[in-house]
Amino acid sequence: MAKDIPAYEVVEGWGRLPDGWTFTQVAGVAVDSRDRVYVLCRGEHPIIVFGADGEFVESWGEGVFGRAHGAYIDGEDNFYCVDDGDHTVRKFSKDGELVFTLGTEDRPAEPGEPFNRPTDVALAPNGDLYISDGYGNSRVHRYSREGELIQSWGEPGAGPGQFNLPHGIWVEDGRVYVADRQNGRIHVFTLGGDYVEEWPGLARPCDIYIDRRGLVYVADLMSRVSILSLKGEVLARMGGEKSFVPGQFVAPHCVWKDSRGSLYVGEVLEGQRIQKFTPA
2 MAKDIPAYEV VEGWGRLPDG WTFTQVAGVA VDSRDRVYVL CRGEHPIIVF GADGEFVESW
62 GEGVFGRAHG AYIDGEDNFY CVDDGDHTVR KFSKDGELVF TLGTEDRPAE PGEPFNRPTD
122 VALAPNGDLY ISDGYGNSRV HRYSREGELI QSWGEPGAGP GQFNLPHGIW VEDGRVYVAD
182 RQNGRIHVFT LGGDYVEEWP GLARPCDIYI DRRGLVYVAD LMSRVSILSL KGEVLARMGG
242 EKSFVPGQFV APHCVWKDSR GSLYVGEVLE GQRIQKFTPA
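First residue of the sequence shown: 2, per our numbering; consecutive thereafter.
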């Protein structure tokens, strides 16, 4: 690891499921204010909650999702789930009650309109929601905290401000960071959607998490996690060769950190697991 970047050790066997359960593909992960870990899966039990020590707490959301894709928890422990199978974004309270649904279930929108297989969601400090709409669209949509559409931007392509599968999104310090997966880069915008810069050289980036120190963690689908500065400099990488060995990766799809600095990485495709890493 680069200077001032912690080396991480995998916690083998973390995340103990009830007998007979499996994660299947882990599409999203997020951590609440009590360091409880919400794992969003594509199996029979879509939302599985663990304590920080890996003890099973509860599950919910059975029968709700078409295909779970992205997850986010806000400062009040509301849980947001993006469903690229039924073209919606759902907000749940910390008690698991549905607060609202954006989009029309099982109805993809017209080109450029929300949503056609959306991928991820993140919140700004004022409560605005930013949603990457990536598989059927090449757009970012901005909503008010009440669920009203404010604006949209983006179009297919490889140029500045264009996307080829906007797959993950994060908001930090007045900037919107978009994982432009098939273009292999992170796009940076103002809160109003104006293009700022791009960071190339990533390996199909799927998800972004930015911690309190300004370290940018990127889940690269091609078997690694990249750690960057807020200037887009690559500081360190974890993994890099496809492996089922604990501590290595097959297909990272989501990433989040808890208050203690531990890192959680979920995998799709053949990976189908969640791994916890603690600072060494």
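Idealized CB from N, CA, C, for every residue including glycine.
These numbers were taken from a predicted model, which means no experiment stands behind them.
- Excluding the 5 residues flanking it on each side, glutamate 268 has same chain C-beta neighbours closer than 7 Å at Val27, Phe250, Val251, Ala252, Pro253, His254 and Arg274, in chain order.
- Non-local C-beta neighbours of glutamate 198 in its own chain, meaning closer than 6 Å and more than five positions away in sequence, comprise Val189, ordered along the chain.
- Runs of beta strand (DSSP E) with 3 or more residues, each lying fully within the segment 92-164, are found at 99-103, 121-124, 130-134, 140-144 and 150-154, listed in chain order.
- The C-alpha of leucine 231 lies about 42 Å from the C-alpha of glycine 21.
- Along the length of the segment 161-185, whole beta strand (DSSP E) runs at least 3 residues long occupy 167-173 and 176-181, reported in chain order.
- Between the segment 102-113 and the segment 49-56 there are fewer than three inter-stretch CB-CB distances shorter than 8 Å, so the stretches are not counted as touching.
- Its Cα nearest to that of lysine 243, the residue Val226 stands out among Pro115, Glu234, Val122 and Val226.
- The C-beta of asparagine 138 has 16 or more other C-beta atoms within 10 Å across all chains shown, which makes the residue buried.
- The three-state secondary structure of phenylalanine 190, taken from DSSP, is strand.
- A Cβ-Cβ contact shorter than 8 Å links aspartate 84 with alanine 69.
- Under the three-state reduction of DSSP, tryptophan 200 is assigned to strand.
- In this structure, the alpha-carbon of leucine 124 lies about 13 Å from that of glycine 193.
- Close CB contacts of glycine 162 within its chain, under the 6 Å cut and outside five residues either way in sequence, are with Tyr196 (chain order).
- Take alanine 204, set aside five residues on each side of it, and the residues of its chain with a beta-carbon closer than 6 Å to its own are Asp221 and Met223, in chain order.
- DSSP places aspartate 221 inside the beta strand (DSSP E), whose first and last residues are 217-221.
- For valine 219, the closest of Gly175, Tyr265 and Val246 by C-alpha to C-alpha distance is Tyr265.
- DSSP places lysine 258 in the strand class (E or B) of the three-state scheme.
- Of the residues Phe51, Phe80, Glu10 and Pro47, the one whose Cα lies closest to the Cα of phenylalanine 66 is Pro47.
- Beta-bridge pairing by DSSP links valine 83 to Gly71 and Val90.
- Here DSSP, grouped into helix, strand and coil, assigns phenylalanine 245 to coil.
- Judged by DSSP in its simplified three-state form, aspartate 78 adopts coil rather than helix or strand.
- With a cutoff of 8 Å on beta-carbon distance, alanine 31 and tryptophan 257 are scored as near each other.
- Looking at the DSSP output, lysine 232 bridges to nothing.
- When DSSP states are grouped into helix, strand and coil, threonine 279 belongs to the strand group.
- Distances from the alpha-carbon of serine 60 to those of Val90, Ser34 and Glu98 put Glu98 closest.
- For isoleucine 48, the uninterrupted beta strand (DSSP E) segment begins and ends at 48-51.
- Distances from the alpha-carbon of proline 247 to those of Asp5, Ile6 and Val12 put Val12 closest.
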